[in-house]
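In what follows, a single structure is set out as structure tokens and then discussed.
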Amino acid sequence: MTSAPLPFTVKGQLPTLDSPVLIVMLNGWIDASGAANAAMEHLKNAIVSRDLITFDGDAFIDYRARRPMMELREGVNTRIVWSCPEMRVGNDEDGKDVLLLTGPEPDTAWQHFARTVAGLAQQLGVEKMIGMGAYPYGAPHTRAVGLSTTSPDADIAARLSFTKNSVDVPAGVEAILEHALHDIGIPAMGMWAQIPHYVASMAYPAASAALVEAICLEAGLTLDTSALRREAGVQRERLDQLVSSNPEHAEMLGKLEIAYDEIHGIRSSTTNDDAVIPSVDELAAEVEQFLRDQQPGG
Numbered sequence: 018m019t020s021a022p023l024p025f026t027v028k029g030q031l032p033t034l035d036s037p038v039l040i041v042m043l044n045g046w047i048d049a050s051g052a053a054n055a056a057m058e059h060l061k062n063a064i065v066s067r068d069l070i071t072f073d074g075d076a077f078i079d080y081r082a083r084r085p086m087m088e089l090r091e092g093v094n095t096r097i098v099w100s101c102p103e104m105r106v107g108n109d110e111d112g113k114d115v116l117l118l119t120g121p122e123p124d125t126a127w128q129h130f131a132r133t134v135a136g137l138a139q140q141l142g143v144e145k146m147i148g149m150g151a152y153p154y155g156a157p158h159t160r161a162v163g164l165s166t167t168s169p170d171a172d173i174a175a176r177l178s179f180t181k182n183s184v185d186v187p188a189g190v191e192a193i194l195e196h197a198l199h200d201i202g203i204p205a206m207g208m209w210a211q212i213p214h215y216v217a218s219m220a221y222p223a224a225s226a227a228l229v230e231a232i233c234l235e236a237g238l239t240l241d242t243s244a245l246r247r248e249a250g251v252q253r254e255r256l257d258q259l260v261s262s263n264p265e266h267a268e269m270l271g272k273l274e275i276a277y278d279e280i281h282g283i284r285s286s287t288t289n290d291d292a293v294i295p296s297v298d299e300l301a302a303e304v305e306q307f308l309r310d311q312q313p314g315g
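Here it is, written out as structure tokens:
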């Protein structure tokens, strides 16, 4: 009796790695500003990653919902580009092994996918798994990007100096992977960047840098984030320029700063009723328009 085919293809042979960290970012769930995806793209380049494993799209992807791309050249259908999860491998600046799980979030068979990834992680000697995400939050852009954490392991959650939430929310496959790896003894956690809600629909490189730096600290990696920090500095200047040019925006930002600082214990609470944060829909729209206007040809 023949065994069922494996739902993945290895490029060559599985390498012998030295306690690699597995970093996960699968597109399809919450990623405000695309911050986690941008962090993953930075990681792909920083570790000079190469293809290692391609997961079977027919097993995990609904191609009517996520259609493949046809490459058409002068009427010739030259190839079909399929979208499927993949695992990449590379090294940080000190030579430490790093694995990246990236691509689209599976549309189906999540538990099968999670068990498959967990089995591969065990074979590859994964030391720990770190997932990434980002969500809109009532934070001003004038404060350092906050992070929150998720983990099936209470000790990990307690050790990390990030925000801990108590809430019931729909899960992404990253949360399923946390449990699958935790169940076989591999420490697993998710790191989530908090994006100022008035910039959540545009790129926010400060959050991408914060995610990469937090992962480096947790996993003992050495990676350069100076390019992301430069991008963040340019955006900060543009946002500051926009806010300072409009007294209403400056007032709104000031109130947001007060409320944020009180929640995070940065300043004592105030009895000033004016500190209630108004709607930021108008500010968000003007921020988007302002940044579009700054682009070449905008």
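If you're matching positions, the sequence shown starts at 18 in our numbering and goes up one per residue.
Glycine is no exception: its CB is placed at the ideal position from the N, C-alpha and C atoms.
Legend entry - Contiguous alpha helix (DSSP H) assignments of at least 4 residues, all confined to the stretch 107 to 167: 127 to 140, all fully within the stretch 107 to 167.
Legend entry - Those residues which DSSP pairs with A15 across a bridge: Outside the displayed span of the chain (18 to 315) sits residue 15, for which this structure offers no information.
Inset, instruction - Leaving out five residues on either side along the sequence, give the residues of the same chain with a beta carbon under 8 Å from the beta carbon of R132. - result: Listed in chain order, the non-local C-beta contacts of R132 below 8 Å within the same chain comprise A197, local neighbours out to five positions each way being set aside.
Legend entry - Start-to-end residues for the alpha helix (DSSP H) that takes in G250: Taken as a continuous stretch (DSSP letters only), the alpha helix (DSSP H) holding G250 covers 243 to 261.
Legend entry - Entirely enclosed beta strand (DSSP E) segments - the stretch 195 to 239, minimum 3 residues: Fully enclosed beta strand (DSSP E) runs of 3 or longer: 205 to 213.
Inset, instruction - Measure how close the beta-carbons of R255 and A226 come, nearest whole angstrom, since I'm counting them as under 8 Å. - result: Not quite, the Cβ-Cβ distance comes to about 16 Å (not below 8 Å), so this is no contact.
Legend entry - DSSP-derived helix/strand/coil call for N44: DSSP places N44 in strand when its eight states are reduced to three.
Inset, instruction - Give me the Cβ distance between H158 and V229, rounded to the nearest whole Å; I'm assuming they're in contact under 8 Å. - result: With a Cβ gap of about 19 Å, H158 and V229 do not count as contacting.
Legend entry - N- and C-terminal bounds of the alpha helix (DSSP H) containing F179: Premise fails: F179 is in no alpha helix (DSSP H) and is neither H nor E.
Legend entry - Sequence-distant residues of its chain with Cβ nearer than 8 Å to I294 (five each side left out): Since pLDDT at I294 reaches only 41, below the 50 mark, its modelled position is unreliable, and no value is offered.
Inset, instruction - My understanding is that S165 touches M206, with C-beta atoms under 8 Å, so please give their C-beta distance in whole angstroms. - result: With 8 Å as the limit, S165 and M206 do not qualify as a contact, their Cβ atoms being about 11 Å apart.
Inset, instruction - Please look up how many angstroms separate the CB atoms of M57 and T119, rounded, as I've assumed it's under 8 Å. - result: With 8 Å as the limit, M57 and T119 qualify as a contact, their Cβ atoms being about 5 Å apart.
Inset, instruction - Could you tell me whether the stretch 62 to 74 touches the stretch 96 to 113, where touching means 3 or more Cβ pairs closer than 8 Å? - result: With a cut-off of 8 Å on Cβ pairs, the stretch 62 to 74 is in contact with the stretch 96 to 113, counting three or more such pairs.
Legend entry - Spatial neighbours of Q139 in its chain, beta-carbon cut-off 8 Å, leaving aside the 5 residues before and after: I201, I203, listed in sequence order.
Legend entry - Closest by C-alpha distance to K28, when choosing among R67, M86, A161, P22: It is R67.
Inset, instruction - Check each candidate in I193, D257, E265, N54 and name the one with the smallest Cα separation from A135. - result: It is I193.
Legend entry - Beta-carbon proximity of V38 to A174, cut-off 8 Å: No; because the gap between Cβ atoms is not below 8 Å, this pair is not in contact.
Inset, instruction - Below 8 Å CB to CB, which residues in the same chain sit around L43 once its five sequence neighbours on both sides are set aside? - result: Spatial neighbours of L43 in its own chain (CB-CB distance under 8 Å, excluding positions within 5 residues in sequence) are listed in chain order as P102, L118, T119, G120, P121, E122, P123, G189, V190, E191.
Inset, instruction - Assign Y152 to buried or exposed, taking buried as 16 or more other Cβ atoms, counted over all protein chains shown, within 10 Å of its Cβ. - result: Buried is the call here.
Inset, instruction - Could you tell me which of Q128, L177, E195 sits nearest to K145, measuring between CA atoms? - result: Measuring from the Cα of K145, the nearest candidate turns out to be E195.
Inset, instruction - Tell me whether A53 is buried or exposed, calling it buried when 16 or more other Cβ atoms sit within 10 Å of its Cβ. - result: Counting Cβ neighbours within 10 Å, A53 comes out buried, since at least 16 surround it.
Inset, instruction - My understanding is that D114 touches T239, with C-beta atoms under 8 Å, so please give their C-beta distance in whole angstroms. - result: About 13 Å; that fails the 8 Å criterion.
Legend entry - Segments assigned beta strand (DSSP E), at least 3 residues, entirely inside the stretch 63 to 87: For the stretch 63 to 87, the full-length beta strand (DSSP E) segments reaching 3 residues or more read 67 to 72 along the chain.
Inset, instruction - Determine the closest residue to L234 out of N182, Q211, D109, R90, with distance taken between C-alpha atoms. - result: Of all alpha-carbon atoms in N182, Q211, D109, R90, the one lying nearest the alpha-carbon of L234 is that of D109.
Legend entry - Short Cβ contact (8 Å threshold) for E248 with P222: Cβ atoms of E248 and P222: closer than 8 Å.
Legend entry - Residues bridged to L89 [DSSP beta-bridge criterion]: Per DSSP, N94.
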